[in-house]
Amino acid sequence: MACDRIDHIAIPVSDVAQAVSWYRQQFRCAVTYEDATWAMLEFANLRLAFVLPEQHPPHIAFRHPQAATFGPLKTHRDGTRSCYTSDIAGNVIEMLQDEPVN
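Here it is in structure tokens:
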């Protein structure tokens, strides 16, 4: 059985640039996006996002072929589409539309 996959984990930071700098000094990773409110780092087996809690909720993001069943999808600047929901314990979950592979 095919499983949904984790796209990224977003953790809260107070300073995005400072967090990016520290992680790049400590680990082998690539910065795939960075602005003043969030950044995405790519590791060999994981994508890690840093978010300012007042701008973006800390969350875990899953790719799902029917993400819209969890709520209305919003299109982001990078072209991805997603919605936010919560799990049974109140943790924020982002559901990213997993586009079909041609």
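Take the sequence shown: its letters are residues 135 to 236, numbered as in the numbering used here. All C-beta atoms, glycine included, are put in the ideal place defined by N, C-alpha and C. Since this is a predicted model, take the numbers as computed values, not measurements.
Rounded to the nearest angstrom, what separates residue i and residue j at their Cα positions?
| i | j | result |
| --- | --- | --- |
| tryptophan 182 | alanine 151 | The sequence shown places leucine at residue 182, rather than the tryptophan named in the question. Each residue's alpha carbon lies about 14 Å from the other. |
| asparagine 236 | arginine 139 | Residue confidence for asparagine 236 is low, a pLDDT of 42 falling below 50, so the modelled location carries little weight; the figure read from the coordinates is stated next. Approximately 18 Å, taken between the alpha carbons. |
| valine 154 | phenylalanine 177 | 13 Å |
| isoleucine 222 | asparagine 179 | 27 Å |
| glutamine 160 | alanine 173 | 16 Å |
| leucine 175 | serine 220 | 24 Å |
| histidine 164 | asparagine 225 | Correcting the residue identity first, residue 164 is alanine in this sequence and not histidine. Whole-angstrom Cα-Cα distance: 27 Å. |
| proline 199 | isoleucine 143 | 19 Å |
| threonine 214 | isoleucine 227 | 15 Å |
| leucine 207 | alanine 195 | 14 Å |
Hey, quick one: how far does the beta strand (DSSP E) through residue i stretch, first residue to last?
| i | result |
| --- | --- |
| glutamine 231 | 226–231 |
| cysteine 217 | 215–220 |
| alanine 173 | 172–176 |
| proline 146 | 139–146 |
| phenylalanine 184 | 181–185 |
| glutamate 188 | From DSSP, glutamate 188 is part of no beta strand (DSSP E); its letter is neither H nor E. |
Please name the residue, chosen from the options, that lies closest to residue i on a Cα-to-Cα basis.
| i | options | result |
| --- | --- | --- |
| arginine 197 | Glu233, Lys208 and Glu176 | Glu233 |
| serine 216 | Ala223, Glu168, Gly224 and Thr203 | Thr203 |
| leucine 230 | Cys163, Ala223, Gly224 and His193 | His193 |
| aspartate 212 | Thr166, Arg158, Arg162 and Trp156 | Thr166 |
So the alpha helix (DSSP H) residue i belongs to, where does it begin and stop?
| i | result |
| --- | --- |
| arginine 158 | 150–160 |
So who's on the other strand from residue i, going by DSSP bridges?
| i | result |
| --- | --- |
| arginine 197 | Arg139 and Leu230 |
| alanine 164 | Glu176 |
Stretch pair the region 140–149 + the region 178–198: three plus CB contacts closer than 8 Å: yes
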